[in-house]
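For reference, the structure is listed below as structure tokens.
Protein chains: 2
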Amino acid sequence: MEKLWKNNLRNVEPYVPGEQSKNKDIIKLNANENPYPPSPKAIEVLNNFNCSSLRFYPDANAVDFKKAIAKFYNIQPENVFLGNGSDDVIALCFQSFFNSEKPIVFPDITYSFYPVWCNLFKIPYKNHPLSSDFRINVEDYKEENGGVIIPNPNAPTSLGEGKEFIEKLLNYNQDSIVIIDEAYVDFGGFSSVELIDKYENLVVVGTFSKSRSLAGMRIGFAIGSKELISVLEAVKNSYNSYTVNSVSMAVGTASINDKEYFEKTVSKVIATRERITYELRKLGFTVLDSKTNFLFATYNGKNMKDYFEWLKEQNVFIRYFNIPKIDNYVRITIGTDEEMNVFLDKTKEYLSLN
Amino acid sequence: MEKLWKNNLRNVEPYVPGEQSKNKDIIKLNANENPYPPSPKAIEVLNNFNCSSLRFYPDANAVDFKKAIAKFYNIQPENVFLGNGSDDVIALCFQSFFNSEKPIVFPDITYSFYPVWCNLFKIPYKNHPLSSDFRINVEDYKEENGGVIIPNPNAPTSLGEGKEFIEKLLNYNQDSIVIIDEAYVDFGGFSSVELIDKYENLVVVGTFSKSRSLAGMRIGFAIGSKELISVLEAVKNSYNSYTVNSVSMAVGTASINDKEYFEKTVSKVIATRERITYELRKLGFTVLDSKTNFLFATYNGKNMKDYFEWLKEQNVFIRYFNIPKIDNYVRITIGTDEEMNVFLDKTKEYLSLN
Numbered sequence: 101m102e103k104l105w106k107n108n109l110r111n112v113e114p115y116v117p118g119e120q121s122k123n124k125d126i127i128k129l130n131a132n133e134n135p136y137p138p139s140p141k142a143i144e145v146l147n148n149f150n151c152s153s154l155r156f157y158p159d160a161n162a163v164d165f166k167k168a169i170a171k172f173y174n175i176q177p178e179n180v181f182l183g184n185g186s187d188d189v190i191a192l193c194f195q196s197f198f199n200s201e202k203p204i205v206f207p208d209i210t211y212s213f214y215p216v217w218c219n220l221f222k223i224p225y226k227n228h229p230l231s232s233d234f235r236i237n238v239e240d241y242k243e244e245n246g247g248v249i250i251p252n253p254n255a256p257t258s259l260g261e262g263k264e265f266i267e268k269l270l271n272y273n274q275d276s277i278v279i280i281d282e283a284y285v286d287f288g289g290f291s292s293v294e295l296i297d298k299y300e301n302l303v304v305v306g307t308f309s310k311s312r313s314l315a316g317m318r319i320g321f322a323i324g325s326k327e328l329i330s331v332l333e334a335v336k337n338s339y340n341s342y343t344v345n346s347v348s349m350a351v352g353t354a355s356i357n358d359k360e361y362f363e364k365t366v367s368k369v370i371a372t373r374e375r376i377t378y379e380l381r382k383l384g385f386t387v388l389d390s391k392t393n394f395l396f397a398t399y400n401g402k403n404m405k406d407y408f409e410w411l412k413e414q415n416v417f418i419r420y421f422n423i424p425k426i427d428n429y430v431r432i433t434i435g436t437d438e439e440m441n442v443f444l445d446k447t448k449e450y451l452s453l454n
Numbered sequence: 101m102e103k104l105w106k107n108n109l110r111n112v113e114p115y116v117p118g119e120q121s122k123n124k125d126i127i128k129l130n131a132n133e134n135p136y137p138p139s140p141k142a143i144e145v146l147n148n149f150n151c152s153s154l155r156f157y158p159d160a161n162a163v164d165f166k167k168a169i170a171k172f173y174n175i176q177p178e179n180v181f182l183g184n185g186s187d188d189v190i191a192l193c194f195q196s197f198f199n200s201e202k203p204i205v206f207p208d209i210t211y212s213f214y215p216v217w218c219n220l221f222k223i224p225y226k227n228h229p230l231s232s233d234f235r236i237n238v239e240d241y242k243e244e245n246g247g248v249i250i251p252n253p254n255a256p257t258s259l260g261e262g263k264e265f266i267e268k269l270l271n272y273n274q275d276s277i278v279i280i281d282e283a284y285v286d287f288g289g290f291s292s293v294e295l296i297d298k299y300e301n302l303v304v305v306g307t308f309s310k311s312r313s314l315a316g317m318r319i320g321f322a323i324g325s326k327e328l329i330s331v332l333e334a335v336k337n338s339y340n341s342y343t344v345n346s347v348s349m350a351v352g353t354a355s356i357n358d359k360e361y362f363e364k365t366v367s368k369v370i371a372t373r374e375r376i377t378y379e380l381r382k383l384g385f386t387v388l389d390s391k392t393n394f395l396f397a398t399y400n401g402k403n404m405k406d407y408f409e410w411l412k413e414q415n416v417f418i419r420y421f422n423i424p425k426i427d428n429y430v431r432i433t434i435g436t437d438e439e440m441n442v443f444l445d446k447t448k449e450y451l452s453l454n
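As given, the protein sequences belong to chains A and B, one line each in that order.
Mapping of the first sequence onto the working numbering: residues 101 to 454, in sequence order.
Mapping of the second sequence onto the working numbering: residues 101 to 454, in sequence order.
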């Protein structure tokens with residue numbers, strides 16, 4: 101019998117998330133996670149959480165959490181939107197803001213989820229190639245489009261752009277909505293949050309997964325003009341009113357209020373990054389100037405896929421992308437100093453053998 | 101200056117979630133929440149959670165949690181899909197399974213999110229009116245359609261349908277995907293989970309928000325044939341790979357493994373429901389035969405909107421819907437026996453005054 105119901109199934113190419121190993125002995129430098137635990141104040145809130153309150157639905161408007169984020173960024177709670185991780189927030193932004201017949205534009209080498217969302221939501225898109233030194237050419241973004249999304253700093257290149265670049269981009273795109281995805285900005289990038297009053301068509305997306313060590317808690321946010329945020333709220337409330345659960349809100353609030361711990365751990369990651377960049381260059385690697393918690397590197401004359409696989413056998417997991425233009429590069433998340441010393445020792449061993 | 105970027109904004113009618121009061125002294129019978137706390141074993145897991153692991157992303161495949169759910173329902177982990185609350189799961193089902201030009205069908209009086217998702221995802225739909233005694237007429241669901249969704253038990257009517265009804269519905273709709281939304285089934289309804297092997301086009305959706313007292317944790321699931329579940333997984337992974345966070349998975353696993361506490365609290369809610377049904381009928385109310393954790397009631401000759409508002413002034417919150425056909429009914433969530441005694445006393449006071 102023919103099964104006609106199969107005609108109604110949505111046909112999408114499944115996105116495959118990066119592998120997570122259950123082996124506790126590995127050095128995990130493959131998912132851009134933070135090597136330090138979340139703020140002790142966030143941990144305290146979690147371990148003392150009033151669990152009987154879980155029988156209630158969460159606050160759909162996340163009033164207290166939005167206030168805390170607004171205070172940190174010196175903006176209003178009405179400028180803040182919250183979601184279940186920044187992937188959820190960006191997916192909602194695509195649905196809310198990219199409703200033109202014209203293609204949206206983003207770099208060819210960038211976060212791999214952008215084309216996936218375009219396919220899912222049937223949004224036309226066009227890529228602008230990065231330059232040979234992996235920079236985004238802002239002049240490419242002058243032509244008419246249905247929207248712009250750029251990660252700043254970009255991934256996996258680790259490179260960041262400054263205020264002048266962002267303002268040029270915004271001035272070239274006054275008829276589109278421009279999303280700046282700032283997943284990695286806290287590690288030394290320029291944040292466009294200061295520009296939201298000047299550019300009403302600007303949306304900045306952030307996450308608690310990287311600089312705040314809360315990848316397991318799923319907290320993402322968007323910052324923008326009140327008008328854009330209210331559109332996001334309406335679309336979110338048409339999809340799922342309760343995207344952020346009660347525990348995530350409480351833990352996230354404690355985390356953003358602990359500025360001291362945040363600054364201390366971010367500084368540690370940056371210091372380690374600078375040291376490892378120096379050491380890798382000394383060994384002969386080409387390492388891009390990272391503004392993130394990872395490095396993007398290659399070695400002239402060595403096979404990076406082989407290096408990646410060799411390290412994996414040694415229980416050191418980094419990331420390799422089998423993608424044209426970057427298929428002889430590796431992405432290395434910054435771990436603790438101890439982890440990075442093991443990584444360096446193994447790397448020296450590899451170089452001595454190959 | 102004309103702001104052309106506004107043309108690209110998505111225009112949706114915002115869905116307004118039910119009100120949550122910050123007043124701790126109210127008796128809250130308005131959101132179908134469970135009056136009892138979550139399983140003590142779930143609470144223990146939360147309060148002893150290894151917080152430093154939050155720096156890692158959650159398991160995108162939720163292997164352990166799916167195994168626990170599969171064990172409870174005596175199915176395979178490949179028959180289980182997980183999401184960020186059942187609203188998230190049903191929204192993903194709409195996107196995954198309702199891709200026909202023909203309208204999907206559901207009752208006119210039912211969960212108010214169904215038409216909202218149809219509008220958001222541009223899915224055509226058609227309502228079949230409930231009978232005058234609020235039953236779903238299965239013969240209405242014989243005509244060609246693009247999909248079927250029915251809550252069983254239905255809300256806000258509280259009425260449940262049995263196996264014969266569901267099998268008729270499935271036999272009439274062999275060319276469509278049929279979703280049975282079982283948010284309230286644990287309070288005495290018939291669960292269609294036992295039919296998933298017989299009907300490959302059947303999807304059953306459940307939630308931890310009602311019978312498991314975890315509304316604040318956001319856990320929903322779908323159960324169906326491996327083929328349908330794999331389509332849901334592909335669409336989910338195209339949207340957001342990490343919909344359920346690490347804490348929710350751990351707490352949810354402990355909750356579903358504690359069958360004894362689950363059965364005990366569900367029985368308590370059912371016993372209270374039967375007592376209150378009896379008492380309200382004795383007072384002159386018409387109360388439908390509930391298979392849920394709430395009652396749907398009216399009183400011939402009394403104004404239910406007025407009754408609802410009067411109770412609210414007395415700090416007893418129930419739910420009233422200003423919707424044709426049910427605009428003289430109220431929905432009353434079953435609370436603890438103590439809460440329901442206050443509710444009954446206030447109700448008697450109202451009746452003596454009006």
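Cβ atoms here follow ideal geometry from the backbone N, Cα and C, with glycine treated the same way.
All of these numbers come straight from a predicted model, not from anything done at the bench.
Would you decide whether residue i is buried or exposed? Buried here means 16 or more other CB atoms lie within 10 Å of its CB.
{"i": "arginine 155 (chain B)", "result": "buried"}
{"i": "aspartate 187 (chain A)", "result": "buried"}
{"i": "asparagine 422 (chain B)", "result": "exposed"}
{"i": "alanine 350 (chain B)", "result": "buried"}
{"i": "lysine 298 (chain B)", "result": "exposed"}
{"i": "alanine 354 (chain B)", "result": "buried"}
{"i": "aspartate 275 (chain B)", "result": "buried"}
{"i": "tyrosine 339 (chain A)", "result": "buried"}
{"i": "asparagine 150 (chain B)", "result": "exposed"}
{"i": "tyrosine 378 (chain B)", "result": "exposed"}
Give the straight-line distance between the Cα atoms of residue i and residue j, rounded to the nearest whole angstrom.
{"i": "tyrosine 420 (chain A)", "j": "leucine 192 (chain A)", "result": "29 Å"}
{"i": "asparagine 199 (chain A)", "j": "arginine 110 (chain B)", "result": "7 Å"}
{"i": "isoleucine 280 (chain A)", "j": "arginine 235 (chain B)", "result": "51 Å"}
{"i": "valine 216 (chain A)", "j": "isoleucine 356 (chain A)", "result": "31 Å"}
{"i": "isoleucine 223 (chain A)", "j": "glutamate 333 (chain A)", "result": "21 Å"}
{"i": "isoleucine 143 (chain A)", "j": "isoleucine 143 (chain B)", "result": "15 Å"}
{"i": "aspartate 238 (chain A)", "j": "histidine 228 (chain A)", "result": "Rather than aspartate, the amino acid found at residue 238 (chain A) in this sequence is valine. Whole-angstrom Cα-Cα distance: 10 Å."}
{"i": "glutamate 438 (chain B)", "j": "serine 231 (chain B)", "result": "35 Å"}
{"i": "lysine 446 (chain A)", "j": "threonine 372 (chain A)", "result": "17 Å"}
{"i": "isoleucine 169 (chain B)", "j": "asparagine 273 (chain A)", "result": "49 Å"}
{"i": "serine 346 (chain A)", "j": "asparagine 161 (chain B)", "result": "23 Å"}
{"i": "isoleucine 190 (chain B)", "j": "lysine 124 (chain B)", "result": "32 Å"}
{"i": "aspartate 233 (chain B)", "j": "lysine 202 (chain B)", "result": "29 Å"}
{"i": "proline 140 (chain A)", "j": "leucine 380 (chain A)", "result": "33 Å"}
{"i": "serine 258 (chain A)", "j": "alanine 283 (chain A)", "result": "11 Å"}
Report the CB separation of residue i from residue j in whole angstroms; it is logged as a contact under 8 Å.
{"i": "proline 253 (chain B)", "j": "threonine 433 (chain B)", "result": "14 Å between Cβ atoms; not a contact."}
{"i": "glycine 185 (chain B)", "j": "threonine 307 (chain B)", "result": "7 Å"}
{"i": "leucine 295 (chain B)", "j": "isoleucine 266 (chain B)", "result": "7 Å"}
{"i": "glycine 352 (chain A)", "j": "phenylalanine 181 (chain A)", "result": "That belief does not hold up - the Cβ atoms of glycine 352 (chain A) and phenylalanine 181 (chain A) are roughly 14 Å apart, past 8 Å."}
{"i": "isoleucine 426 (chain B)", "j": "isoleucine 209 (chain B)", "result": "6 Å"}
Going by beta carbon distance, what residues of the same chain come within less than 7 Å of residue i, once the five residues before and after it are set aside?
{"i": "serine 348 (chain B)", "result": "Met317, Arg318 and Ile319"}
{"i": "tyrosine 214 (chain A)", "result": "Phe206 and Ile249"}
{"i": "isoleucine 418 (chain B)", "result": "Leu129, Asn130, Phe408, Leu411, Val430, Arg431 and Ile432"}
{"i": "valine 112 (chain B)", "result": "Asn219 and Leu220"}
{"i": "alanine 315 (chain A)", "result": "Glu133 and Ser309"}
Looking only at its chain, what residues have a beta carbon closer than 6 Å to the beta carbon of residue i, apart from the 5 residues adjacent to it on each side?
{"i": "lysine 167 (chain A)", "result": "Pro177"}
{"i": "cysteine 218 (chain B)", "result": "Tyr225"}
{"i": "leucine 328 (chain A)", "result": "Val303"}
{"i": "alanine 255 (chain A)", "result": "Tyr211"}
{"i": "phenylalanine 443 (chain B)", "result": "Val416"}
{"i": "glutamate 300 (chain A)", "result": "Ser325"}
Within its chain, find whatever has a CB closer than 8 Å to the CB of residue i; leave out the 5 residues flanking it on each side and keep chain order.
{"i": "proline 137 (chain B)", "result": "Ile143 and Ser313"}
{"i": "threonine 386 (chain B)", "result": "Ala397, Thr398, Tyr399 and Asn400"}
{"i": "leucine 269 (chain B)", "result": "Val238, Tyr241, Val248, Ile250 and Val278"}
{"i": "lysine 336 (chain A)", "result": "Phe181, Gly183, Leu192 and Thr343"}
Would you be able to state if there are at least three C-beta pairs under 8 Å between the stretch 238-252 of chain A and the stretch 194-214 of chain A? With contact defined as three or more Cβ pairs closer than 8 Å, the stretch 194-214 of chain A and the stretch 238-252 of chain A are in contact.
The stretch 314-327 of chain B / the stretch 168-179 of chain B touching (three or more Cβ pairs under 8 Å): Contact between the stretch 314-327 of chain B and the stretch 168-179 of chain B is established, with three or more Cβ pairs separated by less than 8 Å.
For the structure I just gave you, are there three or more beta carbon pairs, one from the stretch 286-294 of chain B and one from the stretch 389-403 of chain B, closer than 8 Å? The stretch 286-294 of chain B and the stretch 389-403 of chain B touch, with no fewer than 3 CB-CB distances between them shorter than 8 Å.
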